[in-house]
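As numbered in our numbering, residues 1235 to 1601 make up the sequence shown, in order. The next block holds one structure in the form of structure tokens; read it before the comments.
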Amino acid sequence: MGRRTPLYELHQSLGARIVDFGGWDMPLHYGSQIEEHHAVRRAAGVFDVSHMCAVDVRGAGSRALLRQLLANDVDKLKTPGKALYSCMLNDIGGIVDDLIAYFLDESQFRLVVNAGTRDRDLVWIREHARAFSVEILERADLALLAVQGPEARERVTQLLESDSARLALGLAPFTGAHIDGWFISRTGYTGEDGFEIMLPAADAGPPWRELNARGVLSCGLGARDTLRLEAGMNLYGNDMDESTHPLESNLAWTVAFEPTDRDFVGRSSLERVRARGSARRLVGLLLLERGVLRAHQTVIVADAEPGTITSGTFSPTLQRSIALARLPSGAPEVVQVDIRGKLLEARVVSPPFVRNGRSLVSQEGVR
């Protein structure tokens, strides 16, 4: 038996198919994974993401610790509730994890890290925190819900009193606030608008059922994966890990090299990579023929070393097979993918593939 979120029994009552995900018993889907995917693109869906780990960093040294620990610069965060996406790196620039950091006040930040790395992350954070005046608190008392889709914010605010609803609707992207005992942020992992909600674990069931009653579909990990891949969002353990660095993972934008005197963990290694140029890059692939792209398939690149698909799926929105792949820098526009011994052509594109329900890639040349 794996770890279970506070909503495990609710998922069972809703008929979810439960699978192991990084040591957690999580819902894969509640019926049709495709239906759940389309619900998020067209209306709204709710996901249990309580397996993710919220970590509060408290104390006078919180900002100083995170300036050193994160590749992105928390000094960008000046307004309470503002959020920042970043990687934590090891000494050689490898990605320990990716996370969101929220600025609550000058003595408190909140991090949300991945489920599969939470135990290792807590050790890593606490190890670096020893030199600072901070307390590291795992918020196991919280549940996390993600309500995503073009109707998501409207459906969530229907659960709130009028003044609170106005406050929630006024949240800018990548900003959160404490509202009626919940921490509501305008963030997500689907390429759609919506909220992620942290609330007391014991209180998570009724809002889920109320959202269902208002037409918000229960959604599992299967739809979450196809949605995030269409949105070109990396999955830790697939598209990046400690053996890869941000500059070869389509995450250069998350590394703040300025100011030059901020000596974050892994900086010197990334500086050397930046100076010589990264040998590899993470790109999108659109399959031009019939077939399904999957992780670990080999990508044949003319006059270069082969590449590898890191994540692949059939896109319900595009009705084509798509993937993220790590290829040699300078790879041509068209490559070949080895699918069970057959070489099929794919076009190299810049992710994302889909955002806000709209295709961002041309399907020219698809056969």
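C-beta atoms are modelled at their ideal positions from N, C-alpha and C, and glycine is treated no differently.
DSSP, read as helix, strand or coil, puts A1365 in coil. For L1504, the enclosing alpha helix (DSSP H) covers residues 1501 to 1510. Comparing alpha-carbon positions, the option among F1491, I1329, V1390, G1293 lying closest to S1477 turns out to be I1329. Here T1542 is bridged, per DSSP, to T1532, R1560. As the crow flies, the alpha-carbon of A1298 is around 8 Å from that of F1366.
For A1335, the beta-bridge partners assigned by DSSP are L1318, L1345.
Under the Cβ criterion (8 Å, minimum of three pairs), the stretch 1367 to 1377 counts as touching the stretch 1423 to 1441. A residue is called buried when at least 16 other Cβ atoms come within 10 angstroms of its Cβ; P1434 does not meet this threshold and is exposed. DSSP places S1396 in the uninterrupted alpha helix (DSSP H) bounded by 1396 to 1403.
Residue burial is scored here from C-beta neighbours: N1484 has at least 16 other C-beta atoms within 10 angstroms and is therefore classed as buried. Under DSSP, L1519 shares a beta bridge with A1557, V1582.
Only buried fits E1464, as 16 or more other CB atoms lie within 10 angstroms of its CB.
Using a 10 angstroms sphere on the CB of N1468, the tally of other CB atoms reaches 16 or more, which defines it as buried. Of the other Cβ atoms in all chains shown, 16 or more fall within 10 Å of the Cβ of M1322; this residue is therefore buried. In the three-state reduction of the DSSP assignment, V1571 falls in the strand class. Taking C-beta atoms under 8 Å as the contact rule, V1489 and R1373 fail to qualify, at a distance of about 27 Å. In the three-state reduction of the DSSP assignment, H1412 falls in the strand class.
Distance between G1236 and V1253, taken at the CA atoms: about 9 Å. Cα atoms of R1508 and E1444: separation of roughly 50 Å, rounded to the nearest angstrom. Secondary structure remark: continuous alpha helix (DSSP H) runs of at least 4 residues inside the stretch 1426 to 1474, in chain order: 1439 to 1447, 1455 to 1464.
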